[in-house]
Amino acid sequence: MPIQIIRTDITKLNCDAIVNAANNSLLGGGGVDGAIHRAAGPNLLRECRTLHGCETGQAKITGAYKLPCKYVIHTVGPVWRGGQNGEKQLLESCYRESLKLAKKYECESVAFPLISSGVYGYPKDQALKVAMDVCSDFLLKNDMLVNIVIFDKAAYQISEKLFSDIRAYIDDHYVDLHTDSLYERMLREQCSQILEMDECVAEFPKLAMPLADSFQLEDNKPSMAAPMQAQQLAPQMSLDEKLGQIDESFSQMLLRKIDEKGMTDAQCYKKANVDRKLFSKIRSNVHYSPSKTTAIAFAIALELSLEETKEMLMKAGYALSHSNKFDLIIEYFIQSGNYNIFEINEALFMFDQSLLGM
Ligand code: AR6
Numbered sequence: 020m021p022i023q024i025i026r027t028d029i030t031k032l033n034c035d036a037i038v039n040a041a042n043n044s045l046l047g048g049g050g051v052d053g054a055i056h057r058a059a060g061p062n063l064l065r066e067c068r069t070l071h072g073c074e075t076g077q078a079k080i081t082g083a084y085k086l087p088c089k090y091v092i093h094t095v096g097p098v099w100r101g102g103q104n105g106e107k108q109l110l111e112s113c114y115r116e117s118l119k120l121a122k123k124y125e126c127e128s129v130a131f132p133l134i135s136s137g138v139y140g141y142p143k144d145q146a147l148k149v150a151m152d153v154c155s156d157f158l159l160k161n162d163m164l165v166n167i168v169i170f171d172k173a174a175y176q177i178s179e180k181l182f183s184d185i186r187a188y189i190d191d192h193y194v195d196l197h198t199d200s201l202y203e204r205m206l207r208e209q210c211s212q213i214l215e216m217d218e219c220v221a222e223f224p225k226l227a228m229p230l231a232d233s234f235q236l237e238d239n240k241p242s243m244a245a246p247m248q249a250q251q252l253a254p255q256m257s258l259d260e261k262l263g264q265i266d267e268s269f270s271q272m273l274l275r276k277i278d279e280k281g282m283t284d285a286q287c288y289k290k291a292n293v294d295r296k297l298f299s300k301i302r303s304n305v306h307y308s309p310s311k312t313t314a315i316a317f318a319i320a321l322e323l324s325l326e327e328t329k330e331m332l333m334k335a336g337y338a339l340s341h342s343n344k345f346d347l348i349i350e351y352f353i354q355s356g357n358y359n360i361f362e363i364n365e366a367l368f369m370f371d372q373s374l375l376g377m
């Protein structure tokens with residue numbers, strides 16, 4: 020199952036376990052710890068007293084009392100002291116140990132705050148990267164829905180360079196749209212070719228027909244590769260004939276590409292941040308219509324070029340346009356050869372767009 024980045028108050032989440040960014044005493048404090056204890060009520064503190072604290076990088080589990088979840092996993096993140104004092108390893112351990120406990124208690128869903136990134140001062144972008152890396156690693160071998168909760172977006176930034184590169188890409192291509200986009204140019208060129216051909220047929224029908232004939236196959240069916248003008252000139256096909264020529268579907272293309280790339284199904288859907296059940300539905304239904312975010316997630320997992328991505332999207336009935344930020348961000352990442360879905364999702368999140376996968 021996939022990772023979701025969500026912006027909410029973790030105490031409101033109705034998943035199997037939420038993780039608390041606690042301190043070594045496990046006896047409560049400020050930040051998310053304070054919020055969890057307030058929402059759970061005094062019985063949580065009573066149980067925490069029986070645990071006799073917790074080492075940094077380790078985790079312990081309790082009931083959730085008045086919280087909507089079933090369990091609270093308490094973990095103690097490192098205090099940031101410049102990054103050269105084992106902070107990263109300790110923070111990784113917090114996520115790993117918490118996930119281990121969640122698995123042991125058969126949790127199907129878990130939610131993490133960005134541990135250490137508040138009072139303990141761990142830089143938020145680096146804290147998020149650690150969370151993403153450890154959780155995605157865990158999900159390669161385990162099934163669980165992992166929520167990473169970002170509480171205060173204002174304080175959280177993806178790297179400034181990435182942010183400004185994406186910003187610049189969006190700005191450049193919005194300009195494109197207002198002047199002369201590739202799509203508009205192609206459309207105009209095609210229209211003028213058809214117009215030219217129509218005029219030609221009207222004025223010199225005998226000259227035009229051999230050209231059209233050269234694109235005919237037996238039974239008067241036009242070749243799929245024949246240019247549009249010739250298809251226009253071919254005799255009308257019946258609906259049955261047209262349906263007989265139906266193109267490869269999204270699902271068929273996806274499975275073909277998985278084979279071509281030498282991936283297993285699991286490698287692909289995990290890399291796409293897509294749920295196993297959803298993948299099975301796509302696999303078993305040739306005509307499955309995925310959401311646009313799911314279709315793009317697969318294109319990213321398969322590391323398709325921009326052209327291939329567009330082809331795959333078209334099969335699901337979608338396009339990438341230059342008139343919305345979401346599409347431009349996707350295009351930016353593909354053009355830069357960056358197929359890290361979690362980084363793409365961080366960027367989409369920063370620009371208030373829907374995330375990939377699921
Ligand atoms: N829901 C989700 N995330 C939250 C919430 C919430 N309700 N409240 C805060 N955050 P912090 P730490 C985010 O300071 O850095 C406590 O006093 C917050 O924006 O809670 O690990 C403990 O007792 C930040 O990104 O935890 C320890 O003494 C993240 O949660 C110490 O703080 C973690 O911030 C632990 O410090």
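When the letters of the sequence shown are read in order and numbered with the numbering used here, they come out as residues 20 to 377.
The beta-carbon is built from N, C-alpha and C at its ideal position, and this holds for glycine as well.
| Asked | Found |
| --- | --- |
| Can you tell me whether L323 is buried or exposed? The criterion is at least 16 other CB atoms within 10 Å of its CB, across all chains shown. | buried |
| Taking the C-alpha atoms as reference points, what is the distance between L133 and L32? | 15 Å |
| Starting from Y90, trace the beta strand (DSSP E) in both directions and tell me its first and last residue. | Y90 to V95 |
| Since A130 contacts I265 with CB under 8 Å, what's their CB separation in whole angstroms? | With 8 Å as the limit, A130 and I265 do not qualify as a contact, their Cβ atoms being about 43 Å apart. |
| Could you tell me whether the Cβ atoms of E350 and L332 are closer together than 8 Å? | no |
| Answer yes or no: the CB of Y139 versus the heavy atoms of ligand 1, is any distance below 7 Å? | yes |
| Going along the chain, which residues of its own chain have a beta-carbon closer than 6 Å to the beta-carbon of G137, five neighbours each way excluded? | G50 |
| Mapping the DSSP letters down to three states, classify N166 as helix, strand or coil. | strand |
| Where does G72 sit, in a helix, a strand or coil, going by DSSP? | coil |
| Could you give the distance in angstroms between the alpha-carbon of Y80 and the alpha-carbon of R100? | Looking at the sequence itself, residue 80 is Ile, so the reference to Tyr does not match. Cα to Cα, I80 sits roughly 27 Å from R100. |
| G60 and E116 - do their beta-carbons sit closer together than 8 Å? | no |
| Pull up the distance between the alpha-carbon of I277 and that of L347, whole angstroms please. | 25 Å |
| Return the chain-ordered list of same chain residues with a C-beta closer than 6 Å to the C-beta of S128, the five sequence neighbours on each side being excluded. | C34, D35 and L164 |
| Looking at C-beta atoms only, is the number of pairs between the stretch 308-319 and the stretch 357-375 that lie closer than 8 Å three or more? | yes |
| Are there 16 or more other CB atoms within 10 angstroms of the CB of E279, so buried, or fewer, so exposed? | exposed |
| Please name the residue, chosen from E362, L110 and N166, that lies closest to P142 on a Cα-to-Cα basis. | L110 |
| Label K160 either buried or exposed according to how many other C-beta atoms from any shown protein chain fall within 10 Å of its C-beta, with 16 as the threshold for buried. | exposed |
| Please specify which runs of the alpha helix (DSSP H), each continuous and at least 4 residues long, are wholly inside the stretch 283-345, giving them in chain order. | 284-290, 295-303, 311-320 and 325-334 |
| Whose C-beta lies closer than 8 Å to the C-beta of K300 among residues of the same chain, with five residues either side of it excluded? | Y307 |
| Taking the beta strand (DSSP E) that V129 belongs to, which residues open and close that run? | S128 to P132 |
| Just how far apart, CA to CA, sit R68 and N62? | 10 Å |
| Considering Cα atoms alone, identify which of A54, M272 and H192 is closest to K344. | H192 |
| CA-CA distance, T27 and S303? | 35 Å |
| According to DSSP, is G82 part of a helix, a strand, or is it coil? | strand |
| Taking a contact to mean a Cβ-Cβ separation below 8 Å, would you say V95 touches N43 in this structure? | yes |
| Going by C-alpha distance, which of S268, L339, S340 and I55 is nearest K85? | I55 |
| DSSP three-state call for V138: helix, strand or coil? | coil |
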